[in-house]
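Numbering (this note's numbering), first residue to last: 2 to 449.
Don't be surprised by glycine CBs; every beta carbon is placed ideally from N, CA and C.
Everything on this sheet refers to the single structure shown next.
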Amino acid sequence: MSDDMMVTDELEAVAKPEQLDLVGGPFAVIESDPGVFTTFVRKLGISGLEVVELYDIEPWAVEHLNPHGLIFCFLWANDNHHATDFEDPAAEHVWFANQLSHDSCASFAILNVLLNCPGCDIGGELQEFRGETELMSSVMKGLAISNSPFIRDAHNSLARPSDIRGALNALATTSLKTSSKPPPAKRRKATAAGSRARKAKTALNTDDLNEAYHFIGYVPAHGKVWELDGLKSGPLEVGELPDDDPSSNQSWMDVVRPALRMKMEKYGANADGQGDIRFSLLALVDDQYQKASDQFELLKREKASIERRLNEAFPEGWKQKVDPLLANSDGICATTVQSEEPGPTYSSSFGHDKMQKQRAVLDLPQEALLPAWQECMHNIMQAKISVEDEISKAATENSDMIKRTHDFDPFIREYISHLHREGLLNPLLGRDDSGRSIPTPPTKGKMH
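Have a look at this one:
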C-alpha cells in the first residue's frame, strides 16, 4: 500500500463521525454484591476505589476505612412525597440524577455518589460526562445516564446473560403492549370493565414495586451531608459539616450516623416486628489492595535502609545477633504477585512517606538497629498477610464474575440435543419412544 493511500485512509477514519446509539437498550438486573459494584466502578475507568459492605456504623467499624460515600440498600415501599418536598436552593451545586431506568438503581446511586467526590479520580470518561451534564436538570441527568452506552454497557457486562435476555424481552413486551393501545380518542370510550381491569393491573404493579430493593447514596459535598435518592426530586440535606474540619471522615460520619440509624430502625424489621433484616450498607472506600500493597512496599524499603546501616555498623556480620527464624526467612518480602524487589506503588504520598522512614532510620542509634530490624520483619509478615488476603479476595471475585456472566445456555441446548439424538432423553424424562409418559407401576402395600 502506497503512502498516499495510507494517508487517505487515515483522513477518512478521522472524518468519519463516531457511531451514535440512537436506539439504546434496557438495564439488566445485576447482583447486589460489593464485588459486582467494585467491578462496575473499575469498568467506568475509575482506579483506586472499591465498594465494601459495612456491618456496623460505629466509629470502630468505619473510621479505618475512610469512606468517600455510603450506599444504603433496602426493601422499597411507595411513599407520599411530592416533587416539591425536596426543593433546596443549597443543593444546586450537588450533582444529582433521577432514576429513569428499571433495574439500574444501584448504578444510579453509585454514580450520584461518585460524581460528588472531588477528591476521587473518576477517570476521563466520567469527568467528561459530569462536565456535559453539570447544568442539566436532575431528570435530564437521569436521561443522560440511561442513554449512555458507556455506562449501560458497563452495567450490563456484570449481568447474567439470561437476565439480559429477560430485560430485552420485557422491553419488547412493554413496547408491543403500548403500541396495541387505542388512540386517546378511542381510549376515552373504553368500557367500565376495561377501566376496572386497568385499575386492578395498576394495583398489581404497585404491589410488585413494593417488593423491589432500592439504593440511595449518602455523600459529603459543599459543606453538607446529602441523601441522594434517585426516586426523589432532588438531594435531601442530612446535616451541615463542622466549619473547623469539613473534609474529615469522622465529622461527616458523625453527621450521617443518626440518619442511618433511623433508616435501619425503619427497615430493620418486618411488619410483625420480628427483626427481619431488610437492608444492607455499602461504603465507597480507597482500594484496599493498593493500601495494603503500599504499606508492604514501604516496609520493604525500610528493611533495606536498616540493613544498609547494619552492614556498616557490623561489617563482620549481624544476622547471628537476631532471631535465626527471621534471619533465615527467605521469600518473606515476596507475594504471589510481587517479587522481593521493590514493586509498584499507588499513593501520591508514597515518596514523602518513604523519605520520612529513611530519615527515621538514619537517626537511629546503633544499639537500636537490631531491634528495629526485627520489628520491621514482624510488620512485614503482617503486611504480607493483608496483601495476600486482598489478592485472594480479588481472585474469588473474578472467578465469581466469570461464572456469573458466562452464557451456559448454548452448552445446555447442545447437551440436550445430543441426548435426544442418542435416544437417551425420553428415558430420563420417563417417556417411551413416542414421547408418551410411562405409567408408574403401583407399589405393593405393606403386610401387617
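Nearest to residue i (by Cα), restricted to the options the options
i    : options                   : result
S252 : E342, F315 and P60        : P60
H215 : R43, I31 and R437         : I31
A171 : H103, E129 and A361       : H103
I165 : L232, S387, S438 and G26  : G26
S163 : P443, A361 and K404       : K404
K301 : S330, I381, E376 and H419 : I381
A213 : L429, E308, H65 and S105  : S105
D57  : K355, L282, Q383 and L116 : L282
G269 : I217, T40, C74 and H407   : C74
I72  : S349, Q296 and M265       : M265
N99  : L136, G143 and G124       : G143
K394 : L115, D154, D288 and K182 : D288
I372 : L311, D410, T406 and Q383 : For clarity, residue 372 is Pro in the given sequence; the question names Ile instead. Considering only alpha carbons, the answer is L311.
I217 : A396, L261, M137 and C334 : L261
C-alpha distance - residue i paired with residue j, whole-angstrom precision
i    : j    : result
L76  : P243 : 32 Å
L50  : G120 : 11 Å
T134 : S108 : 17 Å
L66  : W96  : 24 Å
R1   : V53  : Outside the shown range of the chain (2 to 449) lies residue 1, about which nothing can therefore be said.
K17  : P35  : Residue confidence for K17 is low, a pLDDT of 44 falling below 50, so the modelled location carries little weight; the figure read from the coordinates is stated next. Their backbone Cα atoms lie some 40 Å apart in a straight line.
G132 : Y219 : 21 Å
E298 : S348 : 11 Å
L210 : K292 : In this predicted model, L210 has a pLDDT of only 47, less than 50, meaning its place in the structure is not dependable; the value taken from the coordinates is given anyway. Cα to Cα, L210 sits roughly 40 Å from K292.
E303 : P366 : 16 Å
F412 : T174 : 27 Å
A145 : W374 : 56 Å
I47  : S147 : 19 Å
H223 : E93  : 10 Å
D354 : C377 : 15 Å
A361 : I152 : 47 Å
K267 : R279 : 9 Å
M254 : A91  : 20 Å
Beta-carbon proximity list for residue i, same chain, < 8 Å, skipping 5 on both sides
i    : result
D89  : G235, P236, L237 and E238
G167 : A29 and V30
D434 : G424 and N427
I392 : Y290, T336, T337 and V338
V140 : N99 and L101
H156 : F28, A29, I31, F41, S105 and S108
I123 : L45, G46, I47, L115, L116 and R131
M402 : G36, V37, T40 and L159
E126 : L45, G46 and F151
Residues sharing a beta bridge with residue i, DSSP
i    : result
K225 : A222 and E241
Y268 : Y268 is not bridged to any residue.
C1   : Residue numbering for the chain in the displayed model covers 2 to 449; residue 1 lies beyond these limits and cannot be assessed.
L55  : L282
R432 : S438
D287 : L50
Whole-number beta carbon distance between residue j and residue i, since they are thought to touch under 8 Å
i    : j    : result
E389 : T346 : That belief does not hold up - the Cβ atoms of E389 and T346 are roughly 18 Å apart, past 8 Å.
V63  : L159 : The pair is not a contact, with the Cβ atoms about 26 Å apart (cut-off 8 Å).
A110 : L229 : 7 Å
L450 : A314 : Any question about residue 450 goes unanswered here, given that the chain covers just 2 to 449.
F351 : D295 : 6 Å
G240 : N113 : Incorrect: roughly 18 Å between the Cβ atoms, too far for contact.
Same chain only: Cβ atoms within 7 Å of residue i, ignoring 5 sequence neighbours per side
i    : result
Q359 : S306
L426 : I417 and L420
G431 : S438 and I439
K44  : A155 and S158
R258 : I58
Same chain, Cβ closer than 6 Å to residue i, neighbours up to 5 away in sequence not counted
i    : result
C118 : H69
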